[in-house]
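Q:
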Amino acid sequence: MPKVAVLESYKASRSYFTEEHLLFRESLRKFLEKEAFPHFDKWEKDGIIPRSFWKKLGNNGFLCTWMEENYGGLNLDFVFAIILCEELARVGAGLAGIGLHSEIVTPYITSYGTEEQKYKYLPGCLRGDIITAIGMTEPGAGSDLAQIKTTATKVGDHYIINGQKTFITNGIHADLIIVACKTDPNANPAHKGISLLLVESDTPGFSRGRKLNKVGMHSQDTAELIFEDARVPVANLLGEEGKGFSYMMNKLQRERIISTLRSQVMAEEMLSITLAYVKERRAFGQSISKFQNTQFTLAEIATQVQLGRSLLDEVITKYMQGHDVSSEGSMAKWWISDMARKIAPQCMQLHGGYGYMEEYKIARMYRDIAANPIFAGSNEIMKVIIAKNMGM
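Numbering (numbering that gives the first Met the number 0), first residue to last: 0 to 391.
#1: Considering only the alpha carbon of each residue, which of Asp45, Ile177 and His38 lies closest to Ile130?
#2: Roughly how many whole angstroms lie between the Cα atoms of Leu99 and Phe283?
#3: Is the region 188–203 touching the region 20–37, taking contact as three or more C-beta pairs under 8 Å?
#4: What do you get for Lys10, buried or exposed, if any count of 16 or more other CB atoms within 10 angstroms of its CB means buried?
#5: Per DSSP, Tyr158 forms a beta bridge with which residues?
#6: Considering only the alpha carbon of each residue, which of Ala80, Lys332, Asp76 and Asn74 lies closest to Leu27?
#7: Could you give the DSSP three-state label for Val264: helix, strand or coil?
#8: If you count every other CB in all the chains shown that lies within 10 Å of the CB of Phe374, and 16 or more means buried, which is it?
#9: Within 10 angstroms of the Cβ of Leu260, are there 16 or more other Cβ atoms? Answer buried if so, exposed if not.
#10: Looking at Met364 and Met265, is the spacing between their C-beta atoms short of 7 Å?
#11: If we ignore side chains and look at the alpha-carbon of each, how far apart do Met66 and Ser286 end up?
#12: Can you tell which of Thr105, Pro37 and Val90 has the C-alpha that lies nearest to the C-alpha of Cys63?
#13: Does Met135 pass the burial test, meaning 16 or more other C-beta atoms within 10 Å, or should it be called exposed?
#14: Do Arg255 and Gly425 have their beta-carbon atoms positioned less than 7 Å apart in this structure?
#15: How far does the alpha helix (DSSP H) with Cys346 in it extend, from its first residue to its last?
#16: According to DSSP, simplified to helix, strand and coil, what is Lys164?
#17: Do Thr165 and Pro138 count as a contact pair if the criterion is CB distance below 7 Å?
#18: Beta-carbon within less than 7 Å of Ala222's beta-carbon, same chain only, minus the 5 sequence neighbours each way: which residues are those?
#19: Spell out the partners DSSP gives Gly192 in its beta bridges.
#20: For the beta strand (DSSP E) that contains Ser206, what are its first and last residues?
#21: Please give the ranges of any beta strand (DSSP E) in the region 71–102, keeping only runs that are unbroken, at least 3 residues long and fully inside the region.
#22: Can you tell me the Cα-Cα spacing of His157 and His20, whole angstroms?
#23: Write down every uninterrupted run of the alpha helix (DSSP H) in the region 234–322 whose length is 4 residues or greater and which is fully enclosed by it, in chain order.
#24: I'd like to know if the region 78–96 and the region 228–244 are in contact, where contact means that at least 3 CB-CB pairs between them fall below 8 Å.
#25: Compare the C-alpha of Gln163 against each of Asp228, Phe61 and Phe295 and name the closest.
#26: Looking at C-alpha atoms only, which residue of Glu43, Asn185 and Phe226 is the closest neighbour of Glu358?
#27: Buried or exposed: which applies to Asn371, given that a residue is buried once 16 or more other Cβ atoms fall within 10 Å of its Cβ?
#28: I'd like the span of the beta strand (DSSP E) that includes Ile373, first residue to last.
#29: So for Lys382, helix, strand or coil by DSSP?
#30: Between the region 266–275 and the region 339–352, are three or more C-beta pairs nearer than 8 Å?
#31: Using the C-alpha atoms, what's the distance from Leu121 back to Pro1?
#32: State buried or exposed for Thr149, treating a residue as buried only when at least 16 other CB atoms are found within 10 Å of its CB.
#33: For Leu6, which of helix, strand or coil comes out of DSSP?
#34: If we ignore side chains and look at the alpha-carbon of each, how far apart do Leu224 and Asn58 end up?
#35: Which of the three DSSP states, helix, strand or coil, is assigned to Val198?
#36: Any idea what DSSP makes of Leu175, helix, strand or coil?
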């Protein structure tokens, strides 16, 4: 079975880990070694994760561990979510949609849904029978969500949705989509006209567009979503009308931590596999790990990776204590994702020609990491948030 490539310094328990967390991590690792690692290359070639894998995750209790017991969950703390997202990232970035479903989208229903909505959807989300997505980004609106153009007009006991969404994670598989739309196009300021609607995949007027062909993360399905007079019952309004923007902003701290976790784990993995490679590879009669250039490069990378882990763990700790981490979370998101992107070509270079070959993991990671500075708000937006919180 493949071994999880983690440097010894990162195997140590973090301050917020308990024995229960470590047992969960060990159980999840064993599951992934059997059910994910041997199949991941095929999933990358197929361009999608099979639904059967989602159901295996659900049946083994790895999805939505935070969910309350009356909906079938275990009511566990945020550390279990951290462990799930980290271990999925160690398999490959293409599994990011599972973390999005379990730790980002489904919590919207718990936080803002009615009891009827919760009992209708949450058990299926927990089991992996219902796969979720969130439709925010549009062809003309990304980081500036207040400018979305998708409309939802109330007609009788339905909303009529018209518009398009793009770059939607889980867009092909999704059975249930939280759609951000304008229920009041004339609202001033514009963000006060945004609401969230729960749209089921068999809704009349809803269709999927292209399955998007990305540079990396090939196994993670990303798609366009199209709404042409899509009829959604008024009962599918999530929370209150006009509060969708504030709901999305409230959830972004959690989303950015999850996104940053993936970047940090990828940085750790790139360092780990590169360190193992340079110790094995020989040139000019010795291991290339003995060359000063190799040593200096990896020493610098290891320092950056350790700084990233320290910063991220501090943000996680504060978040779990209930503190506002909008500044620190934005700092961690941009710095760690940028750091991971910068070390990718350095690690590939140390692999030499083999680093450019598809059978070497560093080649896939080199492609996959490119999107991380864009996810969960671009790094430029992170700097705007930090500056704003500094009073500028």
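In this text, a Cβ means the ideal position worked out from N, Cα and C, and glycines have one as well.
Since the model is a prediction, treat every value here as computed from it, not as a measurement.
A: By the coordinates alone:
#1: Comparing Cα positions, the closest option is Ile177.
#2: Rounded to whole angstroms, Leu99 to Phe283 spans 47 Å at the Cα level.
#3: No: the two stretches stay apart, fewer than three of their Cβ pairs being nearer than 8 Å.
#4: Only weak support is given to the placement of Lys10: the predicted model assigns it a pLDDT of 46, under 50, and the value that follows is read from those uncertain coordinates. Only exposed fits Lys10, as fewer than 16 other CB atoms lie within 10 angstroms of its CB.
#5: Lys153 and Val231.
#6: Comparing Cα positions, the closest option is Ala80.
#7: The answer is helix: DSSP assigns Val264 an H, G or I state.
#8: Buried is the call here.
#9: Classification for Leu260: buried.
#10: With respect to the 7 Å criterion, Met265 and Met364 are classified as neighbours on the basis of their beta carbons.
#11: Their backbone Cα atoms lie some 50 Å apart in a straight line.
#12: Of the listed residues, the one whose Cα sits closest to Cys63 is Thr105.
#13: By the neighbour-count rule (16 or more Cβ atoms within 10 Å), Met135 is buried.
#14: Residue numbering for the chain in the displayed model covers 0 to 391; residue 425 lies beyond these limits and cannot be assessed.
#15: Note, Cys346: alpha helix (DSSP H), Ser325 to Leu349.
#16: In this structure, Lys164 counts as strand in the three-state DSSP scheme.
#17: The criterion of a C-beta distance shorter than 7 Å is satisfied by Pro138 and Thr165.
#18: The residues are Ile167, Gly170, Ile171, Arg207, Gly208, Arg209, Lys210 and Leu211.
#19: In DSSP, Gly192 forms no bridge with anything.
#20: Taken as a continuous stretch (DSSP letters only), the beta strand (DSSP E) holding Ser206 covers Phe205 to Lys210.
#21: With a minimum length of 3 residues, there is no unbroken run of beta strand (DSSP E) contained wholly in the region 71–102.
#22: Roughly 44 Å separates the two Cα atoms.
#23: The qualifying runs are 243–279 and 291–319.
#24: As far as the Cβ criterion goes, the region 78–96 does not touch the region 228–244, which means the pair count is below three.
#25: Among Asp228, Phe61 and Phe295, the Cα nearest to that of Gln163 belongs to Asp228.
#26: Glu358 has its Cα closest to that of Glu43, out of Glu43, Asn185 and Phe226.
#27: By the 10 Å Cβ count, Asn371 comes out buried.
#28: Where Ile373 is concerned, there is no enclosing beta strand (DSSP E), given that its DSSP letter is neither H nor E.
#29: Note: Lys382 maps to helix in three-state DSSP.
#30: With the cut-off at 8 Å, the region 266–275 and the region 339–352 touch.
#31: Because the pLDDT at Pro1 is just 41, under 50, the model does not fix this residue reliably, and the point stays unresolved.
#32: Buried, since its Cβ has 16 or more Cβ neighbours within 10 Å.
#33: Note that Leu6 scores 47 on pLDDT, short of 50, meaning its location in the model is unreliable; the coordinates nonetheless yield the value given after this. Residue state, collapsed to three classes: coil.
#34: If you take the alpha carbons of Leu224 and Asn58, they lie about 29 Å apart.
#35: In the three-state reduction of the DSSP assignment, Val198 falls in the strand class, which pools E and B.
#36: Strand.
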